[in-house]
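K.L.:
Numbered by this note's numbering, the letters in the sequence shown go through residues 470 to 534 in order. Okay, handing you the structure first.
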Amino acid sequence: MKKRFNRIYVEITNKCNLSCSFCKKSNRLLKEMTVTEFKEVISKIKDYTNTICLHVKENLYYILN
Ligand code: SF4
470 MKKRFNRIYV EITNKCNLSC SFCKKSNRLL KEMTVTEFKE VISKIKDYTN TICLHVKENL
530 YYILN
């Protein structure tokens with residue numbers, strides 16, 4: 470059965486150490502998704518797509534912190 474979305478992006482952090490000129494800045498609290506939160510999100514979206522992509526802003530920031 471075809472899923473509703475080709476892919477769904479999950480933003481696991483909103484932290485970023487770059488400052489791209491086109492980026493819309495936000496006043497949101499900076500945070501990272503916990504493993505528990507991630508599992509909960511995946512359980513809710515898994516029936517809507519076969520492809521889940523991680524959106525992690527500037528990748529090295531997430532990996533190194
Ligand atoms: S990498 Fe993404 S979040 Fe970070 S400054 Fe650039 S556009 Fe904004």
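Beta carbons are placed, not taken as given, at the ideal position from N, Cα and C, and that holds for glycine. For clarity, every value in this text was computed on a predicted model and none was experimentally measured.
Would you identify the three-state DSSP class for I481, choosing helix, strand or coil?
P.N.:
Here I481 sits in coil by DSSP.
K.L.:
Out of curiosity, what's the CA-to-CA distance linking R473 and Y517?
P.N.:
The alpha-carbon atoms of R473 and Y517 are separated by roughly 5 Å.
K.L.:
Can you tell me whether C485 sits near the ligand SF4, meaning its C-beta is under 7 Å from at least one heavy atom of the ligand?
P.N.:
Result yes, Cβ under 7 Å from the ligand SF4.
K.L.:
What do you reckon, is the C-beta of C522 under 7 Å from a heavy atom of the ligand SF4?
P.N.:
No.
K.L.:
Please report the distance separating the alpha-carbon of K535 from that of R476.
P.N.:
Nothing about residue 535 can be reported from this structure: the residues present for the chain run from 470 to 534 only.
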